[in-house]
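Notes for the one structure printed next.
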Amino acid sequence: MEGLRPKLEMFTGEEADRVIDHALGVLSKVGFLVENGDAKALLREAGIEEKGARFHPPEAAVRQALGTVPARVCLFDRDGALAADLGGDRVHFDPGSAAIHILDPGTKRRRPPVTRDLCHLAWVTQACKNIAAQSTALVPSDVPESFGDRFRLHVALLNSKKPIVTGTFGTDAFDVMKRMLVAVRGSEKALTERPLAVFDCCPTAPLTWSELTCQALVDCARSAIPAELVSMPMGGATAPVTLREMVVQHCAESLSGVLIHQLACPGAPLIWGGSPAAFDMRHGTTPMGAIETMMVDLGNAQVGKRLGLPTHAYMGMSDAKVLDWQNGMESGIGAILAALSGINMISGPGMLDFETTQSLEKLVLDDQVCGMALRLSRGISLDSAGEAVELIRELTVLGNFLGHRHTRASFRREQFLPSRLVDRATHDDWEASGGADARDRAEGEVRGILARGNPAPPADDLGRDLDELIRAEARRLGIEALPEV
Amino acid sequence: MADSDELFSGLYQAVLSGDEDGAARLATRALDSGHSALETIERALIPGIREAGDLWEEGEYFLPELVTAAQAMKAAMAVLQPVLGAEAKSLSLGRVVIATVEGDIHDIGKSLVATMLSANGFEVIDEGAGVPVSRLIERAREVDADLVCASALLTTTMPRQRELVNAVRSAGLRAKVMVGGAPVTRGWAEQIGADGHADNALSAVNVARTLVGHRAAG
Ligand code: B12
Numbered sequence: 000m001e002g003l004r005p006k007l008e009m010f011t012g013e014e015a016d017r018v019i020d021h022a023l024g025v026l027s028k029v030g031f032l033v034e035n036g037d038a039k040a041l042l043r044e045a046g047i048e049e050k051g052a053r054f055h056p057p058e059a060a061v062r063q064a065l066g067t068v069p070a071r072v073c074l075f076d077r078d079g080a081l082a083a084d085l086g087g088d089r090v091h092f093d094p095g096s097a098a099i100h101i102l103d104p105g106t107k108r109r110r111p112p113v114t115r116d117l118c119h120l121a122w123v124t125q126a127c128k129n130i131a132a133q134s135t136a137l138v139p140s141d142v143p144e145s146f147g148d149r150f151r152l153h154v155a156l157l158n159s160k161k162p163i164v165t166g167t168f169g170t171d172a173f174d175v176m177k178r179m180l181v182a183v184r185g186s187e188k189a190l191t192e193r194p195l196a197v198f199d200c201c202p203t204a205p206l207t208w209s210e211l212t213c214q215a216l217v218d219c220a221r222s223a224i225p226a227e228l229v230s231m232p233m234g235g236a237t238a239p240v241t242l243r244e245m246v247v248q249h250c251a252e253s254l255s256g257v258l259i260h261q262l263a264c265p266g267a268p269l270i271w272g273g274s275p276a277a278f279d280m281r282h283g284t285t286p287m288g289a290i291e292t293m294m295v296d297l298g299n300a301q302v303g304k305r306l307g308l309p310t311h312a313y314m315g316m317s318d319a320k321v322l323d324w325q326n327g328m329e330s331g332i333g334a335i336l337a338a339l340s341g342i343n344m345i346s347g348p349g350m351l352d353f354e355t356t357q358s359l360e361k362l363v364l365d366d367q368v369c370g371m372a373l374r375l376s377r378g379i380s381l382d383s384a385g386e387a388v389e390l391i392r393e394l395t396v397l398g399n400f401l402g403h404r405h406t407r408a409s410f411r412r413e414q415f416l417p418s419r420l421v422d423r424a425t426h427d428d429w430e431a432s433g434g435a436d437a438r439d440r441a442e443g444e445v446r447g448i449l450a451r452g453n454p455a456p457p458a459d460d461l462g463r464d465l466d467e468l469i470r471a472e473a474r475r476l477g478i479e480a481l482p483e484v
Numbered sequence: 000m001a002d003s004d005e006l007f008s009g010l011y012q013a014v015l016s017g018d019e020d021g022a023a024r025l026a027t028r029a030l031d032s033g034h035s036a037l038e039t040i041e042r043a044l045i046p047g048i049r050e051a052g053d054l055w056e057e058g059e060y061f062l063p064e065l066v067t068a069a070q071a072m073k074a075a076m077a078v079l080q081p082v083l084g085a086e087a088k089s090l091s092l093g094r095v096v097i098a099t100v101e102g103d104i105h106d107i108g109k110s111l112v113a114t115m116l117s118a119n120g121f122e123v124i125d126e127g128a129g130v131p132v133s134r135l136i137e138r139a140r141e142v143d144a145d146l147v148c149a150s151a152l153l154t155t156t157m158p159r160q161r162e163l164v165n166a167v168r169s170a171g172l173r174a175k176v177m178v179g180g181a182p183v184t185r186g187w188a189e190q191i192g193a194d195g196h197a198d199n200a201l202s203a204v205n206v207a208r209t210l211v212g213h214r215a216a217g
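Those sequence lines, one after another, are chains V and L.
Numbers 0 to 484, taken from numbering that gives the first Met the number 0, label the letters of the first sequence in order.
Numbers 0 to 217, taken from numbering that gives the first Met the number 0, label the letters of the second sequence in order.
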């Protein structure tokens with residue numbers, strides 16, 4: 000029997016409704032800008048009022064769009080098995096996405112990632128038991144830049160089975176990325192039935208849909224590929240500095256996305272996500288580890304839930320540059336808070352330095368954080384409630400319960416059993432095994448995973464199909480040689 | 000004399016406290032009381048904005064204080080500019096054309112750099128975001144720019160910075176090129192042959208000063 004699911008909320012229900020009302024007010028009174036032709040046409044067709052360059056949707060239009068968004072989005076792995084069930088308070092993690100650098104364990108400094116690192120990232124993600132999905136979390140520097148977005152997806156598909164959180168860097172990327180996904184499933188219909196990837200679509204704060212990200216939103220809707228709205232208001236820079244008003248703006252931007260998306264295809268799958276940041280007033284950076292960033296994330300997720308949508312946030316990452324105290328502190332706090340809020344997809348593990356640097360060692364360490372967070376989100380079970388008195392009476396007779404059937408039957412479910420990365424050894428054992436710290440242990444863990452090679456090679460014909468697709472795309476872009484995947 | 004000291008210290012304070020209205024009002028009063036625009040700038044505005052920068056570097060000031068100080072400076076300059084006339088040329092540290100490159104819509108860092116350059120005495124022409132190299136070259140030629148600045152936040156758009164460097168050279172422009180943006184490193188700047196690089200707005204000002212041959216004056 001399920002007990003109380005521990006739950007954290009930033010607003011009372013009434014206050015959350017007021018946030019939504021204010022966001023609807025922002026949309027009807029202030030309006031939003033759209034640079035994309037397809038989206039403009041959709042909004043005009045729907046009769047949304049245009050004043051100057053801005054669209055001013057009335058509440059009814061937005062409510063109608065909200066009414067057609069599915070409350071649940073399921074993601075399936077490359078083999079077609081259910082891997083993530085987004086909706087309700089069900090929690091999942093995926094690595095923080097689109098880093099520019101990788102933290103090199105040898106030098107302890109960042110360096111440009113190459114294709115090999117991308118393969119390794121997929122292998123390590125595959126090995127992380129508490130991470131449900133992979134993401135195209137590194138941008139390889141050894142292929143031409145204009146090709147990076149689609150090539151990342153190619154590499155991900157060949158090196159891990161897990162579903163993928165990804166995105167486009169140019170409007171011409173969507174088509175070939177979709178063809179890759181269809182190649183895995185066999186048909187467009189099969190892909191619609193069993194989504195394999197999610198595309199991030201980011202409005203520009205304040206209240207603007209750029210050409211590229213809006214095209215991705217419309218393309219996703221039309222192909223019934225799940226889109227993830229990632230609004231990024233920065234408090235004090237591109238949004239008011241007060242947290243509540245950040246949530247209002249965040250909500251208004253996401254609602255404008257819901258409207259465009261559902262106009263393009265009512266009923267298409269959509270995730271209410273975000274990556275807000277409390278702007279750092281000293282350095283002008285966008286700290287993901289700031290507690291105010293997380294508070295806005297939680298407020299936004301609560302609003303999304305109130306609207307009945309699957310939710311997402313960029314949490315559980317750190318702005319530290321190396322794997323130090325700050326890294327563990329910020330990542331742990333973020334993952335726990337996100338899990339307590341029941342956010343359905345939490346993007347963060349592995350990520351450092353304001354979403355710019357991925358670390359494989361951090362990824363395996365964060366997998367343990369995710370495991371604890373997932374455990375916490377299950378709360379305290381009531382399964383043994385009926386036996387409580389009897390159990391404890393027996394215990395007084397036996398003296399200890401290590402040999403009791405109840406312990407044997409329940410401990411694996413009751414306890415999150417950490418890997419060796421979490422040190423719970425006695426002092427002597429710890430010393431005897433080399434006195435390693437968490438980072439040393441993580442390096443060893445990653446070395447082990449990499450030594451085993453690709454854990455999820457595709458079947459021969461799929462590998463061939465994907466290879467042909469990417470080579471044709473490379474030729475189209477005038478790229479001759481590709482790195483080995 | 001005491002009066003003018005008081006006036007200038009008031010204007011200095013107005014800049015420092017980010018009081019746009021006060022700065023404009025006191026700049027007007029300075030002109031009305033017979034001070035030249037140049038004297039007003041040198042005795043109040045420049046010390047004010049410089050102090051704001053110093054306070055930021057010391058950790059006393061935060062960005063909203065720095066940016067509002069820059070805006071107050073700008074408000075006072077708007078009053079003084081029309082009467083500067085011939086003096087203007089000698090005052091400007093140099094002309095800067097700045098933009099985020101084509102294919103890239105990240106403009107916050109670029110705008111921050113533009114604000115700080117302009118507050119620190121550069122004449123800044125901000126072309127916005129998503130700007131093709133060809134337009135930057137055109138503008139640079141048109142205004143005879145001393146410096147062309149390009150921001151790129153995506154690995155996919157960084158190559159536009161290289162194209163800019165090459166285009167500036169092959170167009171035979173005398174302008175120097177400074178680049179920046181989150182993924183841009185010193186190594187990248189060197190690799191593409193840019194003249195300068197900075198990873199925040201204040202060091203961008205310092206690099207710009209060095210590049211156009213002006214040292215931070217006294
Ligand atoms: C905010 C943000 C956005 C906003 C931008 C809003 C706006 N009006 O600018 C929105 C939501 C629109 C956005 C969109 C996208 N983004 Co974005 N974004 C960011 C984020 C979180 C912060 C950027 C920022 O404003 N920082 C604050 C400012 C003040 O800092 P700054 O720009 O670095 O500027 C400072 C210095 O760099 C320097 N500087 C800057 N320019 C210059 C120029 C010169 C000449 C000099 C000297 C100095 C200098 O001084 C500045 C002041 O101190 C970064 C993460 C990051 N760490 O950078 C991702 C990030 C840059 N985005 C990223 C991505 C992937 C995207 C999208 C492609 C996502 C998508 N799939 O839709 C789109 C791109 C659309 C496009 N074609 O441009 C990636 C880039 C990955 C990569 N490998 O290239 C990043 C790193 C996040 C991530 N890890 O995923 N993004």
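Glycine included, C-beta positions come from ideal geometry on N, C-alpha and C.
Please read these numbers as outputs of a predicted model, since none were measured by experiment.
- prompt: If you run the structure through DSSP and keep just helix, strand and coil, what is alanine 98 of chain V?
  reply: strand
task: Check whether the Cβ of methionine 294 of chain V sits closer than 7 Å to any heavy atom of the ligand B12, and report yes or no.
output: no
message: Give me, in chain order, the residues of the same chain whose beta-carbon lies closer than 6 Å to that of glutamine 248 of chain V; leave out the 5 immediate sequence neighbours on both sides.
response: Pro232, Ala238
task: Anything in chain V within Cβ reach of phenylalanine 61 of chain L, meaning under 7 Å, just list it in chain order.
output: Met280, Arg281
- request: Measure the C-alpha to C-alpha separation of aspartate 439 of chain V and leucine 156 of chain V and round it to an integer number of angstroms.
  value: Cα to Cα, aspartate 439 of chain V sits roughly 30 Å from leucine 156 of chain V.
query: For glutamate 59 of chain L, which three-state DSSP category applies?
result: coil
task: Given a cut-off of 8 Å, decide if cysteine 264 of chain V and arginine 221 of chain V are closer than it, judged by their beta-carbon atoms.
output: Taking 8 Å as the Cβ cut-off, arginine 221 of chain V and cysteine 264 of chain V qualify as a contacting pair.
message: Helix, strand or coil, according to DSSP, for threonine 203 of chain V in the structure here?
response: strand
query: Any idea if alanine 431 of chain V is buried or exposed, counting beta-carbon neighbours within 10 angstroms, 16 or more meaning buried?
result: exposed
- request: Please report the Cβ distance between alanine 121 of chain V and valine 154 of chain V, rounded to the nearest whole angstrom; I am assuming they are in contact, meaning their Cβ atoms lie under 8 Å.
  value: With a Cβ gap of about 7 Å, alanine 121 of chain V and valine 154 of chain V count as contacting.
- request: Below 8 Å CB to CB, which residues in the same chain sit around serine 110 of chain L once its five sequence neighbours on both sides are set aside?
  value: Asp125
message: With three or more beta-carbon pairs closer than 8 Å as the criterion, would you say the stretch 82-101 of chain V touches the stretch 112-129 of chain V?
response: yes
- prompt: For the beta strand (DSSP E) that leucine 44 of chain L lies in, which residues bound it at each end?
  reply: That residue, leucine 44 of chain L, is in no beta strand (DSSP E); it is neither H nor E in DSSP.
message: I'd like the ranges of any beta strand (DSSP E) spanning at least 3 consecutive residues and lying wholly in the stretch 100-173 of chain L.
response: Listed in chain order, they are 121-125, 146-150.
query: What three-state label does DSSP hand lysine 39 of chain V in the structure shown?
result: helix
Stretch pair the stretch 269-287 of chain V + the stretch 305-323 of chain V: three plus CB contacts closer than 8 Å: yes
task: Note down, in chain order, all residues in the stretch 105-123 of chain L with a beta-carbon under 8 Å from any beta-carbon belonging to chain B.
output: Annotation note: the requested chain B is absent from the structure, which comprises protein chains V and L.
message: Strictly under 8 Å for the Cβ-Cβ distance: is methionine 157 of chain L near chain V by that measure?
response: yes
Neighbour list for leucine 163 of chain L in chain V, Cβ cutoff strictly below 8 Å: Annotation: leucine 163 of chain L has no Cβ neighbours in chain V at a cutoff of 8 Å; minimum Cβ distance is about 15 Å.
query: At a Cβ threshold of 8 Å, is glutamate 192 of chain V touching chain L?
result: Among the CB atoms of chain L, none fall inside 8 Å of the CB of glutamate 192 of chain V.
- prompt: Thinking just about the alpha-carbon of each residue, which of V/Arg110, V/Phe31, V/Leu85 is nearest to the one in arginine 227 of chain V?
  reply: It should be pointed out that residue 227 of chain V corresponds to glutamate in this sequence rather than to arginine. The shortest C-alpha separation from glutamate 227 of chain V is found at V/Leu85.
message: At the level of alpha carbons, what is the spacing between glutamine 63 of chain V and proline 182 of chain L?
response: 41 Å
query: If you measure beta-carbon to beta-carbon, which residues of the stretch 190-210 of chain L are closer than 9 Å to chain V?
result: Asn199, Ala200
query: Would you report the Cα separation of glutamate 122 of chain L and serine 159 of chain V, rounded to the nearest angstrom?
result: 53 Å
message: Mapping the DSSP letters down to three states, classify glycine 477 of chain V as helix, strand or coil.
response: coil
query: What do you get for alanine 480 of chain V, buried or exposed, if any count of 16 or more other CB atoms within 10 angstroms of its CB means buried?
result: exposed
- request: Find the residues of chain V that neighbour alanine 149 of chain L, judging by a C-beta separation of less than 8 Å, and give them in chain order.
  value: By Cβ distance, chain V contributes nothing, its closest Cβ being about 15 Å from alanine 149 of chain L, past 8 Å.
message: Quick check: the Cα distance between glutamate 101 of chain L and threonine 209 of chain L, rounded to an integer number of angstroms?
response: 27 Å
- request: Please name the residue in V/Gly333, V/Val29, V/Ser330, V/Ala15 whose C-alpha comes closest to that of glycine 51 of chain V.
  value: V/Val29
message: Along the stretch 216-237 of chain V, where does the CB come closer than 8 Å to a CB of chain L? Name the residues.
response: So the list reads Met233, Gly235, Ala236, Thr237, given in the order they occur along the chain.
- request: State yes or no: is the beta carbon of glutamate 479 of chain V nearer than 8 Å to at least one beta carbon in chain L?
  value: Cβ-Cβ to chain L under 8 Å: no for glutamate 479 of chain V.
query: Which one or two residues does DSSP pair with valine 229 of chain V in a beta bridge?
result: V/Gly272.
- prompt: Which residues in chain L sit within 8 Å of glycine 169 of chain V, going by Cβ to Cβ distance?
  reply: Gly102, Thr155
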